[in-house]
Amino acid sequence: WFESGKNQDAILCYNQAILKLSAEDSALTKIGFALSLLSIKNSDQELIQLAISKLKEAQKFEDDNPILFKNLATAYAKINDEDNANLALAEFNLIIGDKEKCLKLVKKTIKNLDQKNPKNKQLLLYANDLEQFCTKDNDN
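Start counting the sequence shown at 9; every next residue gets the next number (our numbering).
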């Protein structure tokens, strides 16, 4: 349905499939579901948050899937969460092998974050982890 431009039909089908599959088996379906939600031409915050939630659930089983992180970055950008969008895009670039872009996005995020704000602690840890992966030598 999604490929034919029938996003609303695709959303219903994806949702039914998710309900019938195990968490692991539904991971790719959740990515498709989120993509369908993000393709709707509106800025419904609840739909975007649902897409983020489904992508995060899928991440438990698809943590090396570049499409997941590309869509996660899109979702965060739609809600104007630049830091999370940049880190999702950094992870996308890391997965596809572009460590230079990954590092650039991570450094931008670390620079933008208020490091004294306790709300940013988890985001900073994530950014620092990504920075280490970006700078890690491929041979180690």
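Every residue, glycine too, gets a C-beta built ideally from N, C-alpha and C.
These figures come from a predicted structure and were not determined experimentally.
Residues K38, I39, A42, L76, N79, L80, A83 of the same chain have their beta carbon placed closer than 8 Å to that of L63, with the five preceding and five following residues left out of the count. Per DSSP, the unbroken alpha helix (DSSP H) holding I75 starts and ends at 74-86. Here the alpha carbon of D72 sits roughly 14 Å from the alpha carbon of L95. For D71, there is no enclosing alpha helix (DSSP H), since its DSSP letter is neither H nor E. Our two residues, T143 and K107, have alpha carbons roughly 7 Å apart in a direct line. At least 8 Å separates the beta-carbon of I118 from that of K86. Going by beta carbons, A98 and L121 fall outside the 8 Å limit. Under the three-state reduction of DSSP output, N94 falls in the helix class. Just so you know, the alpha carbons of L111 and I60 end up roughly 23 Å apart. Setting aside the 5 residues that flank it on each side, E32 is surrounded in the same chain by F69, each with a C-beta closer than 6 Å to its C-beta; the list follows chain order. CA-CA distance, L133 to Q24, rounds to 36 Å.
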